[in-house]
Amino acid sequence: MRRYISFVSVRTVLLLVALAGGPTALYGAEAAQVVLAADGRCEYQVVVPDAYPSDAIASCLRETARLVQAAFQANRFDLAVVSERDRDAAQPAVFLGNTRFARRHDVVVSKLEGWGYVLKAVGRDLIIAGRDEPSPVQRQNRRRGTWDRIGTAKGVVDFLRDYCGVRFLYPELPAFNPVSGAAQIDWHKTPALEFLPRKTITVPADLNLENTPWLSFNTAHPARGSFYDLAMNRFPRVDEAFGGHTYWRAIPPEKYRQTHPEYFALIRGKRLLEGSGQYCISNPDVQELIYRDLVRLADSGYRVVDLAQPDGFRPCQCKDCNELYGTDDWGEKLWIFHRKLAERLL
1175 MRRYISFVSV RTVLLLVALA GGPTALYGAE AAQVVLAADG RCEYQVVVPD
1225 AYPSDAIASC LRETARLVQA AFQANRFDLA VVSERDRDAA QPAVFLGNTR
1275 FARRHDVVVS KLEGWGYVLK AVGRDLIIAG RDEPSPVQRQ NRRRGTWDRI
1325 GTAKGVVDFL RDYCGVRFLY PELPAFNPVS GAAQIDWHKT PALEFLPRKT
1375 ITVPADLNLE NTPWLSFNTA HPARGSFYDL AMNRFPRVDE AFGGHTYWRA
1425 IPPEKYRQTH PEYFALIRGK RLLEGSGQYC ISNPDVQELI YRDLVRLADS
1475 GYRVVDLAQP DGFRPCQCKD CNELYGTDDW GEKLWIFHRK LAERLL
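Quick note on numbering: the sequence shown equals residues 1175 to 1520 in our numbering.
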């Protein structure tokens, strides 16, 4: 097979470009930019809301603002962090969170989904705002509980990576610590972050981005919620129940094994009353108790509830379980049982 190579002289290329109206006709005119910092100078201030849903969220937003400040300072650009009531109206600002300025410019954080956020340029000002809200479920266990959502922090880490040259290398905080734990960190000394050199920091003048991450939450253990984790979309659980095996939660063996042995799996002719619990899922009371557990979680504020058979699952060998749903495939039995519970709950 013959191959053909076409050669065009530099002179011909220049002529074609000139006839077409110059390089911008080929590549498009460079988009207008809002210059946040340049030539060693920065006129901006970081503005945070005057009010917060909770003190914990206030602490998280303050640390988020301090991270922005540190990123600019790494390239010798100084800017102050102020509350909205104290801002200098004569200076442009980076507005973080649910500020009055953001609301006046049609940023409604309550309409955002999950860890979604808005990046919006308004003249010389910049808005970075997400949902900053407490978990609807009280955190009972620091190691396995729910977390507050700091959606603005997610917007900030993406902004810092995309426009300020910040690289999040690994977690700056131990497990089980929200971003407010960064108060003890010197951002210019920690090896967890890298600040690439920037002579200028700019954003497009027409920037108006609403971003919703594909991931809703990360179930890895131990749970983490550092700036690094948010940058990597490793979001902690906010209103999602996810613990794995759940039948024991609905039917605690220590509560029922003596009074209702029929709730437990029949194995080789005997009810299995030892161990962490295996269950007779054809029993109507068992089905109802498991359903009621799901209702309880939903009513307590969880948007996502969890449902799963016991660890080390052992199928009940009673006649009703053997005939359940007209199949001898226990994987299918469990799938149908769980699907019916989900359909009833919804």
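Quick reminder that beta carbons are idealized off the backbone N, C-alpha and C, glycines included.
Check, Outcome
"Going by beta-carbon coordinates alone, are residue 1490 and residue 1453 separated by less than 8 Å?", "yes"
"May I ask you to verify whether the segment 1344 to 1354 touches the segment 1388 to 1407, counting CB pairs closer than 8 Å and requiring at least 3?", "yes"
"Assuming residue 1405 contacts residue 1477 under a Cβ cut-off of 8 Å, what Cβ separation, rounded to an integer in Å, is found between them?", "With a Cβ gap of about 24 Å, residue 1405 and residue 1477 do not count as contacting."
"Taking contact to mean at least 3 C-beta pairs separated by less than 8 Å, is the segment 1258 to 1268 in contact with the segment 1352 to 1364?", "no"
"Thinking residue 1295 and residue 1251 are a contact (beta carbons under 8 Å), I'd like their distance in whole angstroms, please.", "Between residue 1251 and residue 1295 the Cβ distance is about 18 Å, and since that is not below 8 Å, they are no contact."
"Please state the DSSP three-state secondary structure of residue 1328.", "helix"
"Using C-beta distances below 6 Å, list every residue in its chain close to residue 1301, excluding the 5 sequence neighbours before and after it, in chain order.", "1269, 1276, 1281 and 1294"
"What number of angstroms, rounded off, separates the C-alpha of residue 1257 from the C-alpha of residue 1394?", "35 Å"
"Cβ atoms of residue 1341 and residue 1383: under 8 Å apart, would you say?", "no"
"Classify residue 1410 as buried or exposed, calling it buried when 16 or more other Cβ atoms lie within 10 Å of its own Cβ.", "buried"
"Closest Cβ-Cβ distance between residue 1279 and chain D: below 8 Å?", "Here there is only one protein chain, and chain D is not present."
"Give a yes or no on whether the C-beta atoms belonging to residue 1451 and residue 1499 are separated by under 8 Å.", "no"
"What do you reckon, are the CB atoms on residue 1386 and residue 1319 nearer than 8 Å?", "no"
"Let me check understanding here. Comparing Cα to Cα, which of 1506, 1464, 1497 and 1488 lies closest to residue 1519?", "1464"
"Less than 8 Å between the beta carbons of residue 1221 and residue 1273, yes or no?", "yes"
"Is residue 1456 closer than 8 Å to residue 1494 when the C-beta atoms are compared?", "yes"
"Quick one: what's residue 1238 bridged to in DSSP?", "DSSP lists no partner for residue 1238."
"Would you identify the three-state DSSP class for residue 1429, choosing helix, strand or coil?", "helix"
"For the beta strand (DSSP E) holding residue 1369, just list the boundary residues, first then last.", "1367 to 1369"
"Do you know how far the Cα of residue 1298 is from the Cα of residue 1200?", "At residue 1200 the pLDDT is 33, less than 50, meaning the model places this residue with poor confidence and gives no usable figure here."
"Out of 1310, 1360, 1471 and 1278, state which residue places its alpha-carbon closest to the alpha-carbon of residue 1244.", "1360"
"Leaving aside the five residues before and after residue 1228 along the sequence, list all residues of the same chain whose C-beta is less than 6 Å from its C-beta, in chain order.", "1308"
"First and last residue of the beta strand (DSSP E) that includes residue 1469?", "From DSSP, residue 1469 is part of no beta strand (DSSP E) but of the alpha helix (DSSP H) over 1458 to 1473."
"Compute the beta-carbon to beta-carbon distance between residue 1515 and residue 1468, rounded to the nearest angstrom, for a pair I have assumed lies under 8 Å.", "6 Å"
"For the alpha helix (DSSP H) holding residue 1401, just list the boundary residues, first then last.", "1401 to 1405"
"Less than 8 Å separating the beta-carbons of residue 1235 and residue 1290?", "no"
"Out of 1310, 1312, 1311 and 1323, which has the shortest C-alpha to C-alpha gap to residue 1304?", "1323"
"From what residue to what residue does the alpha helix (DSSP H) around residue 1477 run?", "No alpha helix (DSSP H) contains residue 1477, which DSSP labels as neither H nor E."
"Hey, residue 1488 and residue 1441: beta-carbon distance below 8 Å or not?", "yes"
"So, helix, strand or coil for residue 1291, using DSSP?", "strand"
"Using the rule of at least 16 other Cβ atoms within 10 Å of the residue's Cβ for burial, across every protein chain shown, is residue 1233 buried or exposed?", "buried"
"Taking only three categories from DSSP, how would you classify residue 1444?", "strand"
"Could you tell me if residue 1529 is buried or exposed, where buried requires 16 or more neighbouring beta carbons within 10 angstroms of its beta carbon?", "No answer is possible for residue 1529: the residues shown for the chain start at 1175 and end at 1520."
"So, residue 1367 versus residue 1389, is the Cβ gap smaller than 8 Å?", "no"
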